[in-house]
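Student: Here the sequence shown stands for residues 44 to 282, where the numbers follow the numbering used here.
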Amino acid sequence: MTNLMFGLRRSPRTLLERDGHPGPGPGKLALVLGRAGVGKTAFIVGIGIDALLSDQKVLHISLERSVDKVRTWYDDLLMEMLRREKKLEHWAAIQLEVERHRHIHTYAGSAFSIDRLRQALDLLQSAMDFTPDVIILDRLDSANLKPETIKALRAIAGEVGAEMWMAYRTHRDDPKPEPGHLPADAQSFGDFVDLAFSLDPHDNRIRLHVIKDQDQVVNKDLNILLNPKTLLLKSGVKR
């Protein structure tokens, strides 16, 4: 089963493997930028699935969606992956492995805080012996994010030895950033962001760009598209 799970990996996270880690690595913070409706949640759920297929543990935190809704995202995307590879007969076994290695927490409204995240991580470790390798934060209020919040989140990732992925909402009427730069309202905490991706609509398709990689500000098209119907990523697609 492990070989099959590794074989299903199609995430851009596979392009970021460093120092033996199947992703950017512990203590790193990755930002996924995009307007409403372009597929940020699908992208970061895909990151979560990639980690789970790599035999890593995932903590997925959503500030809006219910646990059942988030679980459905994972199930639907995993089903599409297996359908694409004609491996649907392995659905039940792989889903069971995914459930064993993943926890989903939701926080309604303003209930989320740095202290609550620390408490949740402490409880998972002490009560369930669960320490995540990947932490996913979806639906954070990007309009009110402060540098000290991002700094604290990155510090928590380092403390538990996890990489952290965050979805960051941009707006159609926002000033267009310089090529390869974070949006103006994210510049204040750019020093705490190790990786940044943007999901950019183009000719009815969503293209994936790398904006920042470690200390380098770049503007690289990965030739990867997000399929708006299946919500799966397709690589090797040139303009």
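Cβ atoms here follow ideal geometry from the backbone N, Cα and C, with glycine treated the same way. Since the structure is predicted, the reported quantities are computational estimates derived from the model, not experimental observations.
Compare the beta carbon distance of T235 and I193 with 8 Å and say whether it is the shorter of the two.
Tutor: Here the question's residue 235 lines up with position 192 in the sequence shown. Here the question's residue 193 lines up with position 150 in the sequence shown. The identity of residue 235 in the sequence shown is Phe, whereas the question assumes Thr. Yes, they are a contact pair.
Student: Do you know how far the Cα of S169 is from the Cα of K83?
Tutor: On the sequence shown, residue 83 is found 40 positions in, with the first residue counted as 1. On the sequence shown, residue 169 is found 126 positions in, with the first residue counted as 1. Spanning the two alpha carbons is a distance of roughly 32 Å.
Student: Where does H133 sit, in a helix, a strand or coil, going by DSSP?
Tutor: The residue given as residue 133 occupies position 90 in the sequence shown. DSSP places H133 in helix when its eight states are reduced to three.
Student: Where does S109 land, buried or exposed, given buried means 16+ other C-beta within 10 angstroms?
Tutor: Counted from its first residue, the sequence shown places residue 109 at position 66. Exposed, because fewer than 16 other Cβ atoms sit within 10 Å of the Cβ of S109.
Student: Please go through the same chain and pick out, in chain order, the residues whose beta-carbon is closer than 6 Å to the beta-carbon of R61, but skip the five residues on each side of it.
Tutor: Walking along the sequence shown from the start, residue 61 turns up at place 18. With a pLDDT of only 49 at R61, under 50, the local geometry of the prediction cannot be trusted, and the value read off the model is given with reservation. The answer, listed in chain order, is G68.
Student: Short of 6 Å in beta carbon distance, which residues of its chain neighbour Y211, apart from the five on each side in sequence? Order them along the chain.
Tutor: Along the sequence shown, one-based indexing puts residue 211 at 168. Hits under 6 Å: L74, L76, S185.
Student: Applying the criterion that 16 or more other CB atoms from any shown protein chain within 10 Å of the CB defines a buried residue, is R159 buried or exposed?
Tutor: For the purposes of this step, residue 159 is taken as residue 116 along the sequence shown, with counting starting at 1. It is exposed - the Cβ of R159 has fewer than 16 other Cβ atoms within 10 Å.
Student: Could you spell out the range, first to last residue, of the alpha helix (DSSP H) harbouring K194?
Tutor: If you number the sequence shown from 1, residue 194 lands on position 151. Counting along the chain, the alpha helix (DSSP H) containing K194 begins and ends at 190 to 203.
Student: Reducing DSSP to helix, strand and coil, say where T13 ends up.
Tutor: The chain is shown from 44 up to 282; residue 13 falls before or after that span and cannot be answered.
Student: Quick one, are the C-beta atoms of H146 and L102 less than 8 Å apart?
Tutor: For this step, residue 146 is matched to residue 103 along the sequence shown. For this step, residue 102 is matched to residue 59 along the sequence shown. Going by C-beta atoms, H146 is nearer than 8 Å to L102.
Student: Between the beta-carbon of E191 and the beta-carbon of A200, is there less than 8 Å?
Tutor: Position 148 of the sequence shown, counted from the first residue, corresponds to residue 191. Position 157 of the sequence shown, counted from the first residue, corresponds to residue 200. Cβ atoms of E191 and A200: not closer than 8 Å.
Student: CA-CA distance, E140 and V203?
Tutor: Working through the sequence shown from its first residue, we reach residue 140 at position 97. Working through the sequence shown from its first residue, we reach residue 203 at position 160. Roughly 22 Å separates the two Cα atoms.
Student: Between P218, Q162, F232, A154, which has its C-alpha nearest K189's C-alpha?
Tutor: Numbered from its first residue, the sequence shown carries residue 189 at position 146. Minimum Cα distance to K189 is reached at F232.
Student: Return the first residue and the last residue of the beta strand (DSSP E) that R182 is part of.
Tutor: For this step, residue 182 is matched to residue 139 along the sequence shown. Counting along the chain, R182 falls outside any beta strand (DSSP E), and DSSP gives it neither H nor E.
Student: Would R197 and L120 be called neighbours here (beta carbons separated by less than 8 Å)?
Tutor: Counting from 1 along the sequence shown, the entry for residue 197 is found at position 154. Counting from 1 along the sequence shown, the entry for residue 120 is found at position 77. No.
Student: Return the first residue and the last residue of the alpha helix (DSSP H) that A94 is part of.
Tutor: Stepping through the sequence shown from its first residue, residue 94 is reached at position 51. Counting along the chain, the alpha helix (DSSP H) containing A94 begins and ends at 83 to 96.
Student: Our contact map puts L183 next to L106 with C-beta atoms below 8 Å; I'd like the distance itself, whole angstroms only.
Tutor: Here residue 183 is taken as the residue at index 140 of the sequence shown, counted from 1. Here residue 106 is taken as the residue at index 63 of the sequence shown, counted from 1. Indeed they touch by this definition, with Cβ atoms about 6 Å apart.
Student: With R78 and R250 assumed to form a contact (beta carbons below 8 Å), what rounded beta-carbon distance in angstroms separates them?
Tutor: Start at 1 with the first residue of the sequence shown, and residue 78 comes out as number 35. Start at 1 with the first residue of the sequence shown, and residue 250 comes out as number 207. Contact doesn't hold; Cβ gap of about 13 Å is too wide.
Student: Please report the distance separating the alpha-carbon of F49 from that of F173.
Tutor: For this step, residue 49 is matched to residue 6 along the sequence shown. For this step, residue 173 is matched to residue 130 along the sequence shown. Residue confidence for F49 is low, a pLDDT of 47 falling below 50, so the modelled location carries little weight and cannot support an answer.
Student: Just to confirm, are L180 and I104 a CB contact at a threshold of 8 Å?
Tutor: Reading the sequence shown from its first residue, position 137 is the one you call residue 180. Reading the sequence shown from its first residue, position 61 is the one you call residue 104. Cβ atoms of L180 and I104: closer than 8 Å.
Student: Could you tell me whether the Cβ atoms of D176 and K129 are closer together than 8 Å?
Tutor: In the sequence shown, the residue the question calls residue 176 occupies position 133. In the sequence shown, the residue the question calls residue 129 occupies position 86. It is not a contact, given that the beta carbons lie outside the stated cut-off.
Student: Taking the straight line between their C-alpha atoms, what separation do you get for M209 and G80?
Tutor: Position 166 of the sequence shown, counting from 1, holds the residue named residue 209. Position 37 of the sequence shown, counting from 1, holds the residue named residue 80. Cα to Cα, M209 sits roughly 16 Å from G80.
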